[in-house]
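Undergrad: For the sequence shown, counting from 1, position 419 maps to 419 in UniProt numbering; every step adds exactly one.
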Amino acid sequence: MATYPAVLSAKTVREAEQLWALTHGGSTWPLMVSAATSFVHRYQAAFNIRQPILVVAGQGNNGGDGYYIAKLLQQAGKPVLVFAPFGLPKQGLDAAQAMHEYLAEGGKIYATQAELTQAFVGLQTLSYQFSPTAKITYPVVIDALLGSGLARPLSQAGIDIINFINSNAQQVYAVDVPSGLDADTGQPMPVCVKATATHSFIAYKPGLLTANGPANCGELSLDSLGVETDVVLATDDKASSAAPKTSRWQYDPSFTRLPCRFGNTHKSCHGNVSVIAGIGNMAGAAIIASRAALHAGAGRVYLQCDPSHFAASLAQSPEIMFADNIHSVLASKAVLVVGPGLGRSEHARRVMTSILDPMHCNRQGLGVLDADALRYLAKHQQTVANWVITPHEAEAADLLGISAAEVTANRLVAALALYEKYQAVVVLKGAGTIVAHQAGVNFCHAGTPAMATPGMGDCLAGMIAALIAQGLSAVDAAITAVNWHASVGYQLAQTQRVVLASDICQQLKLTPL
Ligand SMILES: NC(=O)C1=CN([C@@H]2O[C@H](COP(=O)(O)OP(=O)(O)OC[C@H]3O[C@@H](n4cnc5c(N)ncnc54)[C@H](OP(=O)(O)O)[C@@H]3O)[C@@H](O)[C@H]2O)[C@H](O)CC1
Ligand SMILES: [K+]
C-alpha cells in the first residue's frame, strides 16, 4: 500500500516537536518561525489587502504563531491588529518571545473588543464608509486563539470570542486548527471557528479530517516544517500502552488506484459481483448497489432479490443479471454485497446464516456487509475477517454495544474498536469517513453535506465490491472507493444542492482513469 502523509494525535505532535528540538539545539523556537513564515507565504494573496488584518491570539504557542505572523505582516507594511482576549502569553513560552518581537516591530495589542473596534476604525482607508451603527466586518481574520493545546470545554467568554470571529469576519485563516475544535476528535468544544482555510503544521491531526473537522477547516493544507515523524512513530509503535497506536494513521486524498484496463480484455477479466439484498419495499437499495457495482467496472453483476423487483431493476440497468438462490451465489465465488434492503425477517436470518457459515468465510475479499447485515452481525457477534463492513454511526454503535453519541464523540476510537472486535476492514461512514484496517487507519476529508441523501451507503457498498472484483485488496478497494465516492459527490455538488446516489452511479463510469 502506498504511503501518504501521517496523521498524528495532538500529543504525538508535541512529542515530535520535542524530539526535533533535542537534535536542533534544544529549542522549538525555529519551528514557530517556520510555521509563521509558511502561513504568511501560503495566504500571501489573501493578505495582500489595504484593510487592516486582524490576528486573534491566545496565550499558548498557537497564539505565538499568531504574534510571529503579525510581526511578519507588520514588517511587510501591512496594517495589523492583534486582539488578545485571553491575556498575554506566559513568560518562558515561545509565544512570549514572538509577542516581544511583534511589539519591537511597533505592533499593538488590544485586550477588549471596544479597544479593537476603535483601532480598526482609526486604521480604515479614506474610502471606507464607516457608520457608528454599522456592524464591523473584518475582511481578514487570522485565528490563532487555540490550537492543538485546547484542553477543556470553552468558558462562556471563550464561546463569545469564537462567535465574535464567526459573525464578524469575511474570511478566516486558521493557524494549525480552527479554534475550539478538538484536534483529536473533531468535536467543537462546544463551538469552533468556521475557517475559510486552515494551514496545519507538522502533521494532520485526526480532528481536522473527521466529524466536524472537514466542515470547519475550509481548504486544508499542511507544512511538516521539516519535522521527521518517523522517530516518534517508531517509539509509539514499541510502546506497550493500551492507547491506540498512531503509527499508521494516514490521510490519503487520492483514488489513483482505480484498476487500469488494458487491451485484449473481456468482461471475465473484471470480476463478478453478487448483490444479496432487496425485499419488500426496499428494492431501491438493491438496485442502487448493483448499478454502482456495474458503473464502477465489475465484469458481471448479479442480483439476488425478491423476483418482484426484477422488472424495476432491469428498467434501470438491463445489464444486470439475476441469481436464482443464495446457494448458487455462494458457489459462484463472486464478490458479495450483503445487506442493503435485506430486512430483518426470517428470510434475512437464513441468508445471513448461510453467508457467515465458516465454510464460505475463509477466502480473501469476500465482499461487503452493509445495512441489515450489520444489524444481524451486532446480534450474533462474530469476527468477520475477509469482509469489509460499512457502518454509519448508529450501526457502529449497535455493533459496539454503545450509544450513537459515544461513537460521534470519538469516531476514530470507535473505528479502531470495530476493527479490534470484528477483524474486518471497517469503513465508518459520515463526515470524514474513516477506514480502519490491519495496517492502520486512513481518513477521507473530501465529500459534501449535499451527499447526506438516501442510498449513498448502498452506492458505496457496490463500488467497494466492484473494486475488489477487479483485483484490489479489500483495504485498497475500501480506501479507493471512499475517496472516489466522495470526490464524485463533491464535483456534482458544485452545481447541485443535493447529490443523489443515482447521480453518483451515473457519474462513476465517466471518471477518467
Ligand atoms: N513551539 C512549538 O513547538 C510549535 C508550536 N506550534 C503551535 O503551537 C500550538 C500548540 O501550542 P500549545 O501552547 O501547546 O497550545 P495552544 O496554544 O493551542 O493552547 C494552549 C493555551 O490555551 C489554553 N487553553 C486550553 N484550553 C483552553 C480553553 N478551553 N479555553 C481557554 N484557554 C484554553 C491553555 O491554558 P492552560 O490554563 O490550560 O495552560 C494555554 O494557555 C500548535 O497548535 C501550533 O499552532 C507551531 O506548530 C510551531 C511549533
Ligand atoms: K487556531
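The C-beta atom is built at its ideal place from N, Cα and C for all residues, glycine as well.
Give the straight-line distance between the Cα atoms of Lys-194 and Cys-217, rounded to the nearest whole angstrom.
TA: In the sequence shown, residue 194 corresponds to position 194, counting from 1. In the sequence shown, residue 217 corresponds to position 217, counting from 1. Between Lys-194 and Cys-217, the C-alpha separation is close to 7 Å.
Undergrad: Report back the beta-carbon spacing between Leu-258 and Ala-286 to the nearest angstrom; my notes put them in contact at under 8 Å.
TA: One-based indexing of the sequence shown puts residue 258 at position 258. One-based indexing of the sequence shown puts residue 286 at position 286. That pair is no contact at about 24 Å.
Undergrad: If the criterion is Cβ atoms closer than 8 Å, does the pair Lys-71 and Glu-17 meet it?
TA: On the sequence shown, residue 71 is found 71 positions in, with the first residue counted as 1. On the sequence shown, residue 17 is found 17 positions in, with the first residue counted as 1. Glu-17 sits away from Lys-71, with the two beta carbons spaced by 8 Å or more.
Undergrad: From Ser-155 to Gln-97, what distance separates their C-alpha atoms?
TA: For the purposes of this step, residue 155 is taken as residue 155 along the sequence shown, with counting starting at 1. For the purposes of this step, residue 97 is taken as residue 97 along the sequence shown, with counting starting at 1. Distance between the alpha carbons of Ser-155 and Gln-97 is about 27 Å.
Undergrad: Could you check whether Asn-163 and Ile-136 sit closer than 8 Å to each other, using their CB atoms as the reference points?
TA: Here residue 136 corresponds to residue number 136 of the sequence shown, with the count starting at 1. Here residue 163 corresponds to residue number 163 of the sequence shown, with the count starting at 1. No.
Undergrad: Taking the alpha-carbon of Ser-308 as reference, which of Gly-297, His-295, Leu-330 and Ala-277 has the nearest alpha-carbon?
TA: Counting from one through the sequence shown, the residue named residue 308 turns up at place 308. The candidate whose alpha carbon is nearest that of Ser-308 is Ala-277.
Undergrad: Under a three-way DSSP split, which group does Gln-507 fall into?
TA: The residue labelled residue 507 in the question sits at position 507 within the sequence shown. Gln-507: helix per DSSP, three-state reduction.
Undergrad: Is DSSP giving Leu-222 helix, strand or coil here?
TA: One-based indexing of the sequence shown puts residue 222 at position 222. Leu-222 falls in the strand class under three-state DSSP.
Undergrad: In chain order, what are the residue ranges of uninterrupted beta strand (DSSP E) at least 3 long that sit wholly in the segment 428-511?
TA: Whole beta strand (DSSP E) segments, 3+ residues: 433-437 and 440-444.
Undergrad: Tell me whether Ala-242 sits in a helix, a strand or coil according to DSSP, three-state version.
TA: Within the sequence shown, the letter at position 242 stands for residue 242. Because the pLDDT of Ala-242 is 49, which lies under 50, any placement of that residue in the model is unreliable, and the question is left without a value.
Undergrad: Could you give the DSSP three-state label for Asn-168: helix, strand or coil?
TA: For the purposes of this step, residue 168 is identified with residue 168 of the sequence shown, where counting begins at 1. Helix.
Undergrad: Taking Tyr-251 as the reference, give the member of Ala-436, Val-368 and Lys-333 with the closest Cα.
TA: The residue you call residue 251 lines up with position 251 of the sequence shown. Tyr-251 has its Cα closest to that of Ala-436, out of Ala-436, Val-368 and Lys-333.
Undergrad: Taking Cβ positions, are Leu-145 and Met-189 nearer each other than 8 Å?
TA: Counting from one through the sequence shown, the residue named residue 145 turns up at place 145. Counting from one through the sequence shown, the residue named residue 189 turns up at place 189. Cβ atoms of Leu-145 and Met-189: not closer than 8 Å.
Undergrad: With a threshold of 7 Å, establish whether the CB of Asp-176 neighbours any heavy atom of ligand 2.
TA: Start at 1 with the first residue of the sequence shown, and residue 176 comes out as number 176. Under cutoff, so the answer is yes.
Undergrad: Consult DSSP for Gln-113 and reduce its assignment to one of helix, strand or coil.
TA: Stepping through the sequence shown from its first residue, residue 113 is reached at position 113. It is helical.
Undergrad: Quick one: is the Cβ of Met-359 within less than 7 Å of any heavy atom of ligand 1?
TA: For this step, residue 359 is matched to residue 359 along the sequence shown. It does not: the Cβ of Met-359 is nowhere closer than 7 Å to a heavy atom of ligand 1.
Undergrad: With H, G and I counted as helix, E and B as strand and the rest as coil, what does DSSP make of Thr-353?
TA: For the purposes of this step, residue 353 is taken as residue 353 along the sequence shown, with counting starting at 1. Three-state result, Thr-353: helix.
Undergrad: Check whether the Cβ of Glu-105 lies closer than 7 Å to any heavy atom of ligand 1, and answer yes or no.
TA: The count along the sequence shown starts at 1 and reaches residue 105 at position 105. No, the beta carbon of Glu-105 sits no closer than 7 Å to any heavy atom of ligand 1.
Undergrad: What are the partner residues of Asn-264, as DSSP defines its beta bridges?
TA: Taking the sequence shown and counting its residues from 1, one reaches residue 264 at position 264. Beta bridge pairing from DSSP links Asn-264 with no other residue.
Undergrad: What does DSSP give as the partner residues of Gln-303 in its beta bridges?
TA: Along the sequence shown, one-based indexing puts residue 303 at 303. Note on identity: in this sequence residue 303 is Leu, with Gln being the wrong assignment. In DSSP, Leu-303 forms a bridge with Val-275 and Phe-322.
Undergrad: What does the Cβ neighbour count give for Gln-187, buried or exposed, with the cut at 16 atoms within 10 Å?
TA: The sequence position of residue 187 within the sequence shown is 187, counting from 1. Burial call: buried.
Undergrad: Which class does Gly-60 belong to by DSSP, given the choice of helix, strand or coil?
TA: Taking the first residue of the sequence shown as position 1, residue 60 is located at position 60. Looking at Gly-60 - three-state DSSP - the assignment turns out to be coil, as it is neither helix nor strand.
Undergrad: According to DSSP, His-24 sits in a beta bridge with which residue or residues?
TA: If you number the sequence shown from 1, residue 24 lands on position 24. DSSP lists no partner for His-24.
Undergrad: Do Ala-450 and Val-499 count as a contact pair if the criterion is CB distance below 8 Å?
TA: For the purposes of this step, residue 499 is identified with residue 499 of the sequence shown, where counting begins at 1. For the purposes of this step, residue 450 is identified with residue 450 of the sequence shown, where counting begins at 1. In contact: Val-499 and Ala-450 (Cβ atoms closer than 8 Å).
Undergrad: For a test of the three-state rule: what should DSSP assign to Glu-17, helix, strand or coil?
TA: As a working mapping, residue 17 is identified with position 17 in the sequence shown. Helix.
Undergrad: Taking 7 Å as the cut-off, does the CB of Ser-148 come closer than this to any heavy atom belonging to ligand 1?
TA: As a position in the sequence shown, residue 148 is number 148, starting the count at 1. Yes, Cβ of Ser-148 sits closer than 7 Å to a heavy atom of ligand 1.
Undergrad: Residues bridged to residue 529 by DSSP?
TA: Only positions 1 to 513 of the chain appear in the structure, and residue 529 is not among them; the question remains open.
Undergrad: What number of angstroms, rounded off, separates the C-alpha of Gly-147 from the C-alpha of Gln-170?
TA: Start at 1 with the first residue of the sequence shown, and residue 147 comes out as number 147. Start at 1 with the first residue of the sequence shown, and residue 170 comes out as number 170. Their Cα atoms are separated by approximately 21 Å.
Undergrad: For Gly-92, which three-state DSSP category applies?
TA: On the sequence shown, residue 92 is found 92 positions in, with the first residue counted as 1. Three-state result, Gly-92: coil.
Undergrad: Should Glu-393 be labelled buried (16 or more other beta-carbon atoms within 10 Å of its own) or exposed?
TA: Within the sequence shown, numbered from 1, the residue matching residue 393 stands at position 393. The residue is buried, with at least 16 neighbouring Cβ atoms inside 10 Å.
Undergrad: Relative to ligand 1, is the shortest distance from any of its heavy atoms to the C-beta of Pro-153 smaller than 7 Å?
TA: On the sequence shown, residue 153 is found 153 positions in, with the first residue counted as 1. Pro-153 Cβ: within cutoff of ligand 1.
Undergrad: Does the Cβ-Cβ distance between Thr-390 and Gly-432 come in under 8 Å?
TA: Within the sequence shown, the letter at position 390 stands for residue 390. Within the sequence shown, the letter at position 432 stands for residue 432. In this structure, Gly-432 does not lie closer than 8 Å to Thr-390 by Cβ.
Undergrad: Helix, strand or coil for Ala-174? Go by DSSP, reduced to three states.
TA: The sequence position of residue 174 within the sequence shown is 174, counting from 1. Reduced to three states, the DSSP call for Ala-174 is strand.
Undergrad: For the candidate residues Cys-444, Pro-454 and Val-335, whose alpha-carbon lies nearest to that of Ala-481?
TA: On the sequence shown, position 481 is the one that residue 481 refers to. Of Cys-444, Pro-454 and Val-335, the residue nearest in Cα terms is Cys-444.
Undergrad: Output yes or no for whether 8 Å exceeds the beta carbon distance between Met-99 and Leu-88.
TA: Counting from 1 along the sequence shown, the entry for residue 99 is found at position 99. Counting from 1 along the sequence shown, the entry for residue 88 is found at position 88. The beta carbons of Met-99 and Leu-88 sit closer together than 8 Å.
Undergrad: Have a look at Asp-184, Asp-176 and Val-140 and flag the residue whose alpha-carbon is nearest the alpha-carbon of Ala-409.
TA: For this step, residue 409 is matched to residue 409 along the sequence shown. Checking every option, the nearest Cα to that of Ala-409 belongs to Asp-184.
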